[in-house]
Amino acid sequence: MKATIEDPMVSEWSASLQGVSKTYKHFQLRDINLQLQSGTVVGLIGPNGAGKSTTMRILMGLVNPDSGTVSVFGKPVSSSEGSVKKDIGYFSDDMRLYKPESIGWHMQFVRSLYASWDDTYAKELLDRFGLIERQTIKGLSHGQRVKAMLLLILARKPKLLVLDEPTNGLDPVAKHEILAELMKVVQDETRTILYSSHNTQDVEQISDVITFIDRGQVIASSNRDDFLEGWKRIKLHVQDDWKAPHIPGLKLESEFRNLRVFSCNSVEDDLAARLSASGAVIEAMEPMTLEEIFVSTVIRGREENKS
3 MKATIEDPMV SEWSASLQGV SKTYKHFQLR DINLQLQSGT VVGLIGPNGA
53 GKSTTMRILM GLVNPDSGTV SVFGKPVSSS EGSVKKDIGY FSDDMRLYKP
103 ESIGWHMQFV RSLYASWDDT YAKELLDRFG LIERQTIKGL SHGQRVKAML
153 LLILARKPKL LVLDEPTNGL DPVAKHEILA ELMKVVQDET RTILYSSHNT
203 QDVEQISDVI TFIDRGQVIA SSNRDDFLEG WKRIKLHVQD DWKAPHIPGL
253 KLESEFRNLR VFSCNSVEDD LAARLSASGA VIEAMEPMTL EEIFVSTVIR
303 GREENKS
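Residue 309 is where the sequence shown ends in our numbering, and the numbering goes up by one at each step.
The structure is reproduced here in structure tokens:
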């Protein structure tokens, strides 16, 4: 497991957003701090409308922030777009290919622009993705268009991949093919990926570091394993007059008669002993899925903002 994006000892960053904010009429991105360590896959998870796409567009220089700084490969984005973008591969669902032209035509076009284009790798991707060079874009399914776009991005071997929900709307087989290829890409530990999704399973599968974003704010960020190992769901049987002890990170999720279900985001060695001492009977203490952790984190954050 690589260092977290918060680690002050890490000096090699592929990209960095510091104190980035952006205000629209009905949405505000607030004080985003995000650093991408070279060779790391950072998963950005958030509900639809949370600010994932806006964050990525600011990183790409497509949107100017109202405040904060953005750099890629150590250079400010505003002053180095031409020099750094050749080393970035960006995917967004609103990107379009030329419908009348073939996949092969697009391959030749991108090859003419990027000296880093790897023709052998491009041919391999055609085979893995089940694509045919002479196919025209207008005849492709949604999944095939996504794979064609990713082929054009991956075959030029960018150092940084910025992928905005690349598996959105794909069938399970197409999703598996794309995630499998991305996992091969990250075996090269000099390449960096920022991968956004509202699908926690996709992000969990490939990410080293996971960041939760909700309503324009980063609400949690940690190594994947720290998230999964640090959270627990606890099921208790209690008496009618039982009162929950004050334990940091312990939150009631549901109750039914004498059954209480809690989540805890900071499990200590004495947690079970403290719950038992309160008079509760522990029926189960279980790991939580990343999706459950994400939902609980979002709800906790929204409740804190209300108070």
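Even glycine gets a Cβ: it sits at the ideal position worked out from N, Cα and C. Computed from a predicted structure; not experimentally measured.
Problem - Cβ-based neighbour list, M3, same chain, cut-off 8 Å, excluding 5 preceding and 5 following - result: Counted from its first residue, the sequence shown places residue 3 at position 1. Only weak support is given to the placement of M3: the predicted model assigns it a pLDDT of 37, under 50, and the value that follows is read from those uncertain coordinates. Same-chain partners within the cutoff: D210, N225, R226, D227.
Problem - Distance, D166 Cα to L292 Cα - result: Taking the sequence shown and counting its residues from 1, one reaches residue 292 at position 290. Taking the sequence shown and counting its residues from 1, one reaches residue 166 at position 164. If I take the Cα positions, the gap works out to 19 Å.
Practice task
Would you decide whether E206 is buried or exposed? Buried here means 16 or more other CB atoms lie within 10 Å of its CB.
Solution key: Position 204 of the sequence shown holds residue 206. With 16 or more Cβ atoms within 10 Å of its Cβ, E206 is classed as buried.
Practice task
Report the residue from V283, D216, G251, G145 whose alpha carbon sits nearest the alpha carbon of W244.
Solution key: Locating residue 244 in the sequence shown gives position 242, counting from the first residue. The candidate whose alpha carbon is nearest that of W244 is V283.
Practice task
Mind checking who Y92 pairs with in its DSSP beta bridge?
Solution key: For the purposes of this step, residue 92 is taken as the residue at position 90 of the sequence shown. Its beta-bridge partners are V164.
Problem - First through last residue of the alpha helix (DSSP H) which encompasses D129 - result: Sequence index remark: in the sequence shown, residue 129 carries index 127 (1-based). Unbroken alpha helix (DSSP H) run through D129: 121-130.
Practice task
Please state if the CB of G63 and the CB of Q20 are separated by a distance shorter than 8 Å.
Solution key: Within the sequence shown, numbered from 1, the residue matching residue 20 stands at position 18. Within the sequence shown, numbered from 1, the residue matching residue 63 stands at position 61. Their beta carbons are not under 8 Å apart, which means Q20 does not touch G63 by this criterion.
Handout entry: Buried versus exposed, by CB contacts within 10 Å (16 or more), F111
Key = Indexing the sequence shown from 1 puts residue 111 at position 109. Classification of F111: exposed, given that the 10 Å Cβ count is below 16.
Handout entry: Span of the alpha helix (DSSP H), counted from its first residue to its last, around A182
Key = Position 180 of the sequence shown, counted from the first residue, corresponds to residue 182. Per DSSP, A182 belongs to the alpha helix (DSSP H) from 174-187.
Problem - S23 (DSSP reduced to helix, strand or coil) - result: To locate residue 23, count along the sequence shown from 1; it is residue 21. Strand at S23.
Exercise for the section: Take L261 as the anchor and find which of P78, A124, E179, K237 has the nearest alpha-carbon. Expected result: Looking up residue 261 in the sequence shown gives position 259. For L261, the nearest C-alpha among the options comes from K237.
Problem - Neighbourhood of M151 by C-beta, 8 Å cutoff - its chain only, sequence neighbours within 5 removed - result: On the sequence shown, residue 151 is found 149 positions in, with the first residue counted as 1. Around M151: F93, M97, L99.
Problem - Reference F264; option with closest CA among E288, Q146, Q241, G51 - result: Position 262 of the sequence shown holds residue 264. The option with the nearest alpha carbon to F264 is E288.
Exercise for the section: Consult DSSP for H239 and reduce its assignment to one of helix, strand or coil. Expected result: Residue mapping note: residue 239 aligns to position 237 of the sequence shown, counting from 1. Strand, per DSSP.
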